[in-house]
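Data first, discussion second: the structure below is written as structure tokens.
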Ligand SMILES: [Zn+2]
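Residue numbers (the numbering used here): 70 to 365.
Spelled out as structure tokens, the structure:
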């Protein structure tokens, strides 16, 4: 089944041996689960559309408390909470851009809730600043996310990883990546590498519906990659029905996202023939492909 209302089975946690510091959301009224967190066997991750192509993600367990990711606009969230009789348990922010964080003040006016966000960025109402090595823990519903620093799109951009999924904001898109507004190609390449190293079945929830445009570009970079062509055909059909093309998976991205594939000769050749230059490293290939897409 596809969204809206994707059923996400519980998956094993990150295999990283990093020591995670815990930032536990205060103000939960639900049951505490001892020293751990009652991780739901199943949960829903629901897309709410905002602006022209943003997604605000709502994480829903079996109860009536939900977590909202990147609410750039409060209106669709408030409407959804009201119509479903739900309460806001916490807000997760990936980076400071207004189309991701702009709805926070209005949501907090409606109801107090912890706001998790990147430690080095200005996020309205942020109560729990996070950086790599931290965890965001929400007792009810029982959720625990590990935080990765993924700079490039913005200087302090973070990702939330847990329960078999990742909220990647504007860093990793389905078949694409974010623009380099505050970082270097090298930083973004490293950040994408961290996400690419997550288990292949990790579901990728990003901030925008850009999949079709990204795949059209990918076909130009790698014209002989039939997996990209097949994905584009599927996505064309989905978009014709106005369907959400997310989530993706890391496995799917490794096969079709040219921004993760700089070490493949097919991408290298595509980038070299476009730039007319020899590109001697995956970072150079990545930078050339990013500049190519920016210049289209
Ligand atoms: Zn952004």
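Just so it is clear, CB atoms sit at the ideal spot from N, CA and C, and this is done for glycine as well. Just so you know, these numbers come straight off a predicted model, no measurement behind them.
Inclusion of residue 224 and residue 189 in the CB contact set at 8 Å is warranted, their separation being smaller than that value. Within a 10 Å sphere around the beta-carbon of residue 151 sit fewer than 16 other beta-carbons, which makes this residue exposed. Note that the region 310 to 330 touches the region 264 to 282; at least 3 beta-carbon pairs, one per stretch, sit closer than 8 Å.
A residue is called buried once 16 or more other Cβ atoms fall within 10 Å of its Cβ, and residue 295, having fewer, is exposed.
Within the same chain, Cβ atoms closer than 7 Å to the Cβ of residue 324 are found at 296, the five residues on either side in sequence being excluded. Residue 266 counts as exposed, since fewer than 16 other C-beta atoms from the protein chains shown sit within 10 angstroms of its C-beta. Under the 8 Å Cβ criterion, the region 244 to 257 does not count as touching the region 192 to 207, having fewer than three qualifying pairs. Rounded to the nearest angstrom, the gap between the Cα atoms of residue 157 and residue 272 is 23 Å. Taking a cut-off of 5 Å from the heavy atoms of ligand 1, the residues with a C-beta inside it are 166, 239. For residue 128, the uninterrupted beta strand (DSSP E) segment begins and ends at 123 to 129.
Assignment of residue 192 by DSSP, reduced to helix, strand and coil, places it in the coil class. Residue 187 is positioned such that its CB atom lies closer than 8 Å to that of residue 164. According to DSSP, residue 274 shares a beta bridge with 236. Taking the Cβ atoms as the reference, residue 141 lies roughly 13 Å from residue 116, outside the contact range of under 8 Å. If you keep only unbroken alpha helix (DSSP H) runs of at least 4 residues inside the region 109 to 185, you get 143 to 153, 167 to 170, 173 to 179. Within 10 angstroms of the beta-carbon of residue 148 lie fewer than 16 other beta-carbons, which makes it exposed.
Taking 8 Å as the cut-off, the Cβ atoms of residue 222 and residue 185 do not count as close. The continuous beta strand (DSSP E) containing residue 199 extends over residues 197 to 199. Around the beta carbon of residue 181, a 10 Å sphere encloses fewer than 16 other beta carbons of the protein chains shown; the residue is thus reported as exposed.
Within 10 angstroms of the beta-carbon of residue 112 lie 16 or more other beta-carbons, which makes it buried. Listed in chain order, the alpha helix (DSSP H) runs fully inside the region 248 to 304 are 254 to 265, 280 to 290, counting runs of at least 4 residues.
In the three-state reduction of the DSSP assignment, residue 359 falls in the helix class, which pools H, G and I.
Annotated three-state conformation of residue 313 is coil, per DSSP.
For residue 364, no pairing in a beta bridge is given by DSSP. Of the residues assessed, residue 337 falls on the buried side of the cut-off, its CB having 16 or more other CB atoms within 10 angstroms.
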